[in-house]
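Numbering (the numbering used here), first residue to last: 10 to 257.
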């Protein structure tokens, strides 16, 4: 589905007139010829992400992707950032779907099914408006179908669910504090009203995400020495507060 290229730490997925839906920085819906996953250096602290994106794309020779989409244009190409090297990017395809993943788990986000008491000494969740890029699990999932708006939004949930299930089974964590998903569809493709797990698109997406995530994990952690739960990782959070439960 995509023409995939990696150069200067940038994964570029190119396909003209693609519709995108991104949960990452400057996300939302757009139509653009490409999407990018950008590896940032250790200690990265830039906040002018649009300018940084343009610098990195220009360095990689991908600046044409933004020439027709100025910074104020909502159809600028979706771009994700991660502390993971693009050497560990992996793709998987099945039927009408392809998925690309980069996996880093140095900042796991745990959600215990039985929250601890407030006196527990474990690290609780902290909120921040500033994105972190210690590791991050980034996914870009594309379908050759023309997805209905609801189906495109649901595909984000399907991909995130598959990512969480895979990471729980292989690393004991559902994700990190900065994960992001981009989904893409073909406006000229065969229409698809739904993208749930029982559909051709949803089922293929689950398999592609699972296998791309596992492949990227094997590349990033060849000895199986993943950071694991928050207590064993350098960064991360545990959401162990108790919410008030009520009848509607």
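From the three backbone atoms N, C-alpha and C, an ideal C-beta is built for every residue, glycine too. As the structure is a prediction and not an experimental result, all values here were calculated from the model.
| DSSP three-state assignment for residue 32, whether helix, strand or coil | coil
| said: By the DSSP assignment, the beta strand (DSSP E) with residue 46 in it spans what residues? | reply: Looking at the DSSP string, the run of the beta strand (DSSP E) that includes residue 46 is 37–48.
| query | Where does residue 200 sit, in a helix, a strand or coil, going by DSSP? | reply | strand
| task | For residue 259, count neighbouring Cβ atoms within 10 angstroms of its own Cβ and tell me buried if that reaches 16, exposed if not. | result | The question about residue 259 has no answer here: the residues shown for the chain are numbered 10 through 257.
| query | Quick one: Cα of residue 216 to Cα of residue 171, how far? | reply | 8 Å
| field | Separation of residue 155 from residue 39, as counted between CA atoms | value | 14 Å
| Would residue 41 pass as a contact of residue 21 if the rule is Cβ separation under 8 Å? | Cβ atoms of residue 41 and residue 21: not closer than 8 Å.
| Rounded to a whole number of angstroms, what is the C-alpha to C-alpha distance between residue 49 and residue 93? | If you take the alpha carbons of residue 49 and residue 93, they lie about 8 Å apart.
| task | Below 7 Å CB to CB, which residues in the same chain sit around residue 163 once its five sequence neighbours on both sides are set aside? | result | 204 and 205
| request: Would you mind reading off the limits of the beta strand (DSSP E) that contains residue 103? | output: 99–103
| According to the Cβ coordinates, are residue 221 and residue 100 closer than 8 Å? | yes
| said: Closest to residue 249 by C-alpha separation, out of 26, 118, 200 and 87, would be which residue? | reply: The residue with the shortest Cα to Cα distance from residue 249 is 118.
| query | Is the distance from the Cβ of residue 195 to the Cβ of residue 161 below 8 Å? | reply | no
| request: Tell me whether residue 247 is buried or exposed, calling it buried when 16 or more other Cβ atoms sit within 10 Å of its Cβ. | output: The residue in question, residue 247, is buried, as its Cβ has 16 or more Cβ neighbours within 10 Å.
| said: What does the alpha-carbon distance come out to for the pair residue 18 and residue 62? | reply: Cα to Cα, residue 18 sits roughly 12 Å from residue 62.
| request: For residue 256, count neighbouring C-beta atoms within 10 Å of its own C-beta (all shown protein chains included) and say buried if the count is 16 or more, exposed if not. | output: exposed
| query | Does the distance from the CB of residue 66 to the CB of residue 45 come in under 8 Å? | reply | yes
| request: Determine the direct distance from the alpha carbon of residue 157 to that of residue 236, and round the result to whole angstroms. | output: 38 Å
| When 210, 89, 115 and 15 are compared against residue 68, the one with the closest alpha-carbon | 15
| query | Under 8 Å, do residue 189 and residue 37 count as touching if we go by C-beta distance? | reply | no
| task | Decide if residue 187 is buried, meaning its Cβ has at least 16 other Cβ atoms within 10 Å, or exposed. | result | buried
| query | Counting along the chain, where does the alpha helix (DSSP H) carrying residue 66 start and finish? | reply | In the DSSP annotation of this structure, the continuous segment of the alpha helix (DSSP H) that includes residue 66 starts and ends at 58–68.
| query | Leaving out five residues before and five after residue 254 in sequence, what residues of the same chain have Cβ atoms less than 6 Å from its Cβ? | reply | Contacts found: none.
| task | Return helix, strand or coil for residue 235, following the three-state DSSP convention. | result | coil
| query | DSSP three-state call for residue 248: helix, strand or coil? | reply | coil
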